[in-house]
Amino acid sequence: MHQYLDLVDSVLSGGTYKPNRTGVDTIASFSEHYEVNLGKGYPLLTTKEMDGYRWNSMLHEVCWYLSGEEHIRDLREKTKIWDAWADEEGRLDTAYGRFWRRYPVPEDDAQLDGESWPDDAHRWVTVEDDGRRTFDQLQYVIDTLSDSPNSRRLVVNAWHPANAAVSTLPPCHYSFVFNVQGDRLNCHLTQRSGDTALGIPFNIAAYALLTNVVAQQTGYEPGTFAHTVVDAHVYCGRGDRGEWYGEHLDELQSRLADVDDREEYLDVKGWLESEAPPEAEGDERLDHVPGLLEQLSREPLDRPTLDLAATSIDDLSYEDVQLREYDSHEGIAFSVAE
Ligand SMILES: Nc1nc(=O)c2c([nH]1)NC[C@@H]1CN(c3ccc(C(=O)N[C@@H](CCC(=O)O)C(=O)O)cc3)CN21
Ligand SMILES: O=c1ccn([C@H]2C[C@H](O)[C@@H](COP(=O)(O)O)O2)c(=O)[nH]1
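Structure, rendered in structure tokens:
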């Protein structure tokens, strides 16, 4: 997956210094884009270990999206990656699956004259136990792929503007579109904000898996996964450590511009570790730059493959997805900016 390494290099080499709401500063780049041919294997990163507990977290996260749940009461039994954004009862103020599978439909008195809205009996509308109407966007896309494969309306949208304005964490990957070309099913994801070291490796793995699942369900070959990240950033630490990057970004970037082969990224890593102030106690590994330079120095290995049981999106479970022929470099630990 050289595309990921190119993305990391592009953010570090061309980004600007950007403090943000988390208090952990970033080097950020506007509108990064890459494409991966899913026909050539499953794009799980190989330049750090992604099987074991990371695979476990990612796969449970995808099953959680598909469940349509607005809470993490089941997910948190399997992984802690969402715990920091939920309350004691496991409630989240924004959840992807809730919008993918159960997007709210305006009640009758909120519908304006002349607008079109589906009624309760409509194919993708669910009248929930409490009488509220919701719309299953993902099932709509899957069914429409069979009925009208040339449709250019195969959009799943996780953004609700009114919720996003008040939510602690509005969706980062907020809209995706499927598109058929020949016998191939492509997927384009738009992400407003991407944590290059921690979030994006999971996002690539999740959407590549989802595209494989939808392709299998609809009889297409998995095609291209295209990913646009509007603010693609690398967290570079808190306090003095973060500010050091603000003051030395030009120097870092001129060293990166001089890198001719991948081992030289380790020289840049050695330089910054000797120059930058150490991370404060408790802030260890909030600076993702050294770990990403380490990753850039590694050669990507062959892509693994996926073995998927033929199950619908409603039934897909952890056991239905097997990773095959995966080999990777060692794991790299990063801390999450909350
Ligand atoms: N700063 C930040 N980055 C993110 O990627 C992110 C958020 N916040 N907030 C919401 C979700 C939660 N996501 C997360 C959260 C944690 C990890 C993480 O710690 N990953 C570890 C493995 C941890 C585990 O599997 O238990 C890793 O090394 O990949 C990954 C994605 C993605 N999102
Ligand atoms: O799937 C995800 C979810 C979250 N992220 C990252 C992107 C940002 O670093 C934070 C969210 O902070 P905002 O201030 O709301 O942008 O989480 C990700 O990369 N992938």
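Position one of the sequence shown corresponds to residue 2 (the numbering used here), numbered consecutively onward. Note that CB positions come from ideal geometry on N, CA and C, so glycine has one too.
| Item | Value |
| --- | --- |
| Spatially closest choice to glycine 283 from Met51, Gly240 and Leu199, by CA coordinates | Gly240 |
| Inter-residue Cα distance where the pair is arginine 256 and valine 269 | 7 Å |
| Cβ pair histidine 228, asparagine 213 closer than 9 Å | no |
| Option nearest glycine 292 by Cα separation, candidates Leu273, Leu186 and Ala166 | Leu273 |
| Segment contact flag, the region 81 to 98 with the region 108 to 117, C-beta cutoff 8 Å, min 3 pairs | no |
| Ligand 1 heavy atom lying under 8 Å from the CB of lysine 19 | no |
| Proximity below 9 Å, CB of valine 167 to CB of aspartate 94 | yes |
| Buried/exposed call for aspartate 262, threshold 16 Cβ in 10 Å | exposed |
| Identity of the residue in Leu46, Leu155, Ser298 and Arg74 nearest proline 305 by Cα | Leu46 |
| CA nearest to the CA of lysine 41, picked from Ser117, Val12 and Phe226 | Phe226 |
| C-alpha distance - aspartate 7 paired with aspartate 288, whole-angstrom precision | 19 Å |
| Residues sharing a beta bridge with valine 37, DSSP | Phe226 |
| Of the residues Glu248, Ser298 and Asp259, the one placed nearest proline 278, counting alpha carbons only | Glu248 |
| Contact test: isoleucine 205 Cβ vs ligand 1 heavy atom, cutoff 8 Å | no |
| Spatial distance of tyrosine 43 from glutamate 252 (CA atoms) | 36 Å |
| Separation of aspartate 114 from valine 12, as counted between CA atoms | 48 Å |
| Candidates His123, Ala310, Pro105 and Gln323: closest to aspartate 131 by CA position | Pro105 |
| Pick from Pro172, Trp245, Met51 and Leu250 that is closest to valine 231, judged by C-alpha positions | Pro172 |
| Beta carbon of glycine 224 nearer than 9 Å to that of leucine 39 | yes |
| Opening and closing residue of the alpha helix (DSSP H) in which cysteine 64 lies | 54 to 68 |
| 6 Å Cβ shell around aspartate 121 - same chain, five flanking residues per side excluded | Val128 |
| Ligand 2 heavy atom lying under 8 Å from the CB of arginine 22 | yes |
| Through-space distance from arginine 74 to arginine 92, alpha-carbon basis | 8 Å |
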